[in-house]
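K.L.:
Residue numbers (my numbering): 7 to 190.
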């Protein structure tokens with residue numbers, strides 16, 4: 007994108023005994039859209055990795071979408087590649103982008119840390135979004151059949167991407183982005 011020249015400024019330069027007048031142009035570029043590219047992180051097997059991804063997501067003001075899986079879960083082996091391919095294809099980038107990682111719930115360090123209990127993971131697979139480090143339990147998804155539906159996942163990701171680190175809301179209408187539901 008080329009900068010748009012919006013004016014000229016006069017600059018008086020003093021060089022020793024002579025004074026020189028120079029004219030400099032200045033420009034203002036339109037603000038670039040925030041980095042909207044989706045970010046895919048490695049599978050989480052340690053709590054430190056999970057917290058690092060939360061911080062990275064928070065600092066870039068993009069929601070972190072997590073898929074909680076186990077090695078023995080057949081549904082997880084269907085949902086995980088589907089979700090990854092959707093994120094890789096760019097779904098949600100137009101709305102601000104998302105971060106994505108799989109959390110290996112049955113990894114010894116994850117199980118012993120109580121991370122699943124902290125975020126109320128009661129069934130596998132679970133799809134949970136984090137916005138500014140806070141779990142969005144209202145939008146938590148545990149229905150494996152719905153998670154295997156590509157169009158449902160695309161809509162869910164777009165809705166989560168609309169948060170853009172806004173600490174809730176997920177789009178919607180109204181001044182508060184639908185945070186408090188419908189006011190009638």
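Glycine included, C-beta positions come from ideal geometry on N, C-alpha and C.
1. Check for me: the alpha helix (DSSP H) holding residue 127 runs from which residue to which?
2. Smallest Cα separation from residue 64: which of 164, 155, 141 and 157?
3. Measure from the alpha carbon of residue 170 to the alpha carbon of each residue in 105, 132, 89 and 75, then state which is nearest.
4. Check residue 141 in the structure and name its three-state DSSP category.
5. To the nearest angstrom, how far is it from the Cα of residue 35 to the Cα of residue 113?
6. Specify the secondary structure class of residue 170 as computed by DSSP and reduced to three states.
7. Cutting at 7 Å between CB atoms, please list the residues of its own chain near residue 46, excluding the five before and the five after it.
8. Count the other CB atoms within 10 Å of the CB of residue 100; is the residue buried (16 or more) or exposed (fewer)?
9. Could you tell me the boundaries of the beta strand (DSSP E) in which residue 107 lies?
10. From this set, 56, 67 and 52, which residue's C-alpha is nearest residue 103's C-alpha?
11. Checking contacts by CB at 7 Å: is residue 57 closer than that to chain D?
12. Check the DSSP bridge columns for residue 136 and list the partner residues they point to.
13. So residue 133 packs on residue 62, CB below 8 Å; how close in whole Å?
14. Taking all protein chains shown into account, do 16 or more other C-beta atoms lie within 10 angstroms of the C-beta of residue 137, making it buried, or fewer, making it exposed?
15. Spatial neighbours of residue 97 within its chain, please: C-beta separation below 6 Å, excluding the five flanking residues on both sides.
16. If you follow the alpha helix (DSSP H) that residue 192 is in, where does it begin and where does it stop?
17. If we count the other Cβ atoms within 10 Å of its Cβ and call it buried at 16 or more, is residue 143 buried or exposed?
18. Below 8 Å on the Cβ atoms is my guess for residue 156 versus residue 70; work out the distance and round it to an integer in Å.
19. So what does DSSP say about residue 123, is it helix, strand or coil?
P.N.:
Considering the structure as presented:
1. Where residue 127 is concerned, there is no enclosing alpha helix (DSSP H), given that its DSSP letter is neither H nor E.
2. 141
3. 105
4. strand
5. For residue 35, the predicted model reports a pLDDT of 36, less than 50, meaning its position is unreliable; a value from the coordinates is still stated below. Taking the straight line from one Cα to the other gives about 48 Å.
6. coil
7. 90, 93, 94 and 106
8. exposed
9. 105-110
10. 67
11. Among the protein chains of the structure shown there is no chain D, as only one such chain exists.
12. 70 and 141
13. Actually they do not touch by this definition, with Cβ atoms about 19 Å apart.
14. buried
15. 160 and 163
16. Outside the shown range of the chain, which is 7 to 190, sits residue 192, and nothing can be said about it.
17. exposed
18. Contact flag wrong, Cβ pair sits at about 21 Å.
19. helix
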